[in-house]
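Asks: Dropping the structure in here first, questions after.
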Amino acid sequence: MTVSPESDRRNGRVYLVNYLLIFLAAPVMYVGVIQAALCNKLGASATVASLPASVHLLGQIAPLFFSWLVPHRYEQRVVIWANAMTAFLLGCVMLTLLLPVSDAIRLLAVILQGLLQGLSGSVSLVFMVHCLRRGTTPEGQALALKKTYTAGPVTAVAGSLGAQYLLGSGRLSYPLDFALIYAVGALCVVGVAVSSTRFVLPPVEEQARTGLLAYLTAGARQFFDNRSLRRLWFAYALWWCTLGGISNLSLFTREAVGRDPKELSGFVLAVRFGCKAIGGYFLGLIAMRSGMRAAVIGTACLVGAGMLWALLVPGYGYVFAFGLLGAGELGGAYFPNYVASLSTVGAGTRNLAILTLATPAASFAPAMHGYLTDRIGFYASFIFGIVTAAAAVAVLLSSRGRKEQE
């Protein structure tokens, strides 16, 4: 399979544009901080406020079935329709906030959005990464990641500061402030769906369709027989267990500085994505000079450092923990792209889908962070995150990348 220089550049630009829009919609696309603040406003406990993030992870089982069901010639269309579905979900939450319905219905809508967006968002992620893998050279892929995760988080800072203005200025009353944030997010994701029509992908030979059980069995055997892929899977699950504490960390605002989480949620997101932009540049350099594996290890170190910072630093200084977690959050891009680089093109979506199963495996983590907080205190949640991040680093250091045979 050959990729022309023109297609290499074009597909990298499409990926960049898609993530500029996704990052602009970050306050609602990254299920966690805004949802926790909204649930808190609706009267939920820390455990319930963490449920949207938990069910979001649980919903990410969908790519495995889509990788079996969708022929290679339809992979681009899946990206388009998955983002259209996400835009629809965001619009539904916006409507519950605008209509005169009870807080219980609104709370249910936010939790269901987390679950169903886990389905649509994970499908979009897997197939978009595979479109980038199919449509670029290895050098073009690394360059696209560097550009995307340096420039993209800057738009996330803009979106987050906009959310902070809406939630903290008092110009719009509750719940109109949250409703407008969801409306902007829905429009951005419509833009992602439109932009994805511009991918230009070389043809891939279709494989004979097998039954679902045979497909899953053969795919799992091939994936987990590869030592590098197997260890990446476990490290990814542990990485998610640490990152799952970010919703709970946003609720720590009340204890750390004595302010309502809503009042600082936009500022928190701005710090998170501002540091992600810086991290995107340096992790991109690491990937280009030392390989994807080194960048993946860096992301696990960063999320662990974020939890350690929250544990040790009092007052407003704790907010920098979101910056470290934001930079480390780029593991959500580097883990899948590393797996894609170790996979053949024909097995790409299947291997990415199997990797994504680590996410629902870690879906207990956000609720666990909330439970530890309710029963023991915030510091128990932070220690849990530090331990899981350290375990992820240990697993990654024990593995070496080994590409599958064509």
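To convert, note that position 122 of the sequence shown is 121 in numbering that gives the first Met the number 0; the numbers rise steadily by one, no gaps. All C-beta atoms, glycine included, are put in the ideal place defined by N, C-alpha and C.
Roughly how many angstroms lie between the CA atoms of F383 and T149, to the nearest whole one?
Replies: One C-alpha to the other measures close to 29 Å.
Asks: I need the DSSP call for Q75, collapsed to helix, strand or coil.
Replies: Note: Q75 maps to helix in three-state DSSP.
Asks: So for Y29, helix, strand or coil by DSSP?
Replies: Y29 falls in the coil class under three-state DSSP.
Asks: So L144 packs on N10, CB below 8 Å; how close in whole Å?
Replies: Not confirmed; about 12 Å, so no contact.
Asks: Counting Cβ pairs closer than 8 Å, one from the stretch 131-141 and one from the stretch 188-205, do we hit at least three?
Replies: Contact holds: three or more Cβ-Cβ distances are below 8 Å.
Asks: If we call anything under 7 Å between Cβ atoms a contact, is P110 one with P174?
Replies: The sequence shown places Ile at residue 110, rather than the Pro named in the question. No, these two residues do not count as a Cβ contact at 7 Å.
Asks: In three-state terms, what does DSSP make of Y173?
Replies: Three-state result, Y173: coil.
Asks: Taking Cβ to Cβ, would you say T196 is nearer than 7 Å to F22?
Replies: No.
Asks: Which residues in the same chain have their Cβ closer than 8 Å to the Cβ of A357, if we skip the five residues on either side of it in sequence?
Replies: Correct list, in chain order: W232, F233, Y235, A236 and W239.
Asks: Tell me whether Y315 counts as near the ligand ADP, meaning its Cβ is closer than 6 Å to at least one heavy atom of that ligand.
Replies: Annotation note on the ligand ADP: not contained in the displayed structure, which lists no ligands.
Asks: DSSP three-state call for T343: helix, strand or coil?
Replies: Reduced to three states, the DSSP call for T343 is coil.
Asks: Whose CA, out of S101, M127 and G331, lies closest to the CA of K40?
Replies: When only C-alpha atoms are compared, the closest one is S101.
Asks: Assuming S159 and P70 are in contact, meaning their beta carbons sit under 8 Å apart, how far apart are those beta carbons, in whole angstroms?
Replies: Wrong, their Cβ atoms sit about 39 Å apart, outside the cutoff.
Asks: Can the beta-carbon of S123 be found closer than 7 Å to that of V13?
Replies: Contact flag unset, no.
Asks: Are A361 and L56 closer than 7 Å when you measure CB to CB?
Replies: Contact: yes.
Asks: Here's a check: name, in chain order, each residue in its chain whose Cβ is nearer than 7 Å to the Cβ of A61, leaving out the five neighbours to either side.
Replies: If we look at A61 and ignore the five residues flanking it on each side, its Cβ neighbours are L118, S121 and V122.
Asks: Quick one: grab the DSSP three-state call for T387.
Replies: Helix.
Asks: Please work out which residues of its chain come closer than 7 Å, Cβ to Cβ, to V199, disregarding the five sequence neighbours upstream and downstream, and give them in chain order.
Replies: Correct list, in chain order: S6, R9, N10 and G134.
Asks: DSSP three-state call for I277: helix, strand or coil?
Replies: Helix at I277.
Asks: To the nearest whole angstrom, what separates the beta carbons of T46 and D373, a pair I think is in contact under 8 Å?
Replies: 6 Å between Cβ atoms; contact.
Asks: In chain order, what residues of the same chain have a beta carbon less than 7 Å from the beta carbon of V256, not counting five sequence neighbours either side?
Replies: Around V256: G314 and Y315.
Asks: Thinking G369 and N247 are a contact (beta carbons under 8 Å), I'd like their distance in whole angstroms, please.
Replies: Correct: roughly 5 Å between the Cβ atoms.
Asks: What residue does the alpha helix (DSSP H) around G218 start on, and which one ends it?
Replies: First-last of the alpha helix (DSSP H) with G218: L211 to D224.
Asks: Evaluate I406 with the Cβ neighbour count: other Cβ atoms within 10 Å of its Cβ, from every protein chain shown; 16 or more gives buried, anything less gives exposed.
Replies: As displayed, the chain neither begins before 0 nor continues past 405, which places residue 406 out of reach and without an answer.
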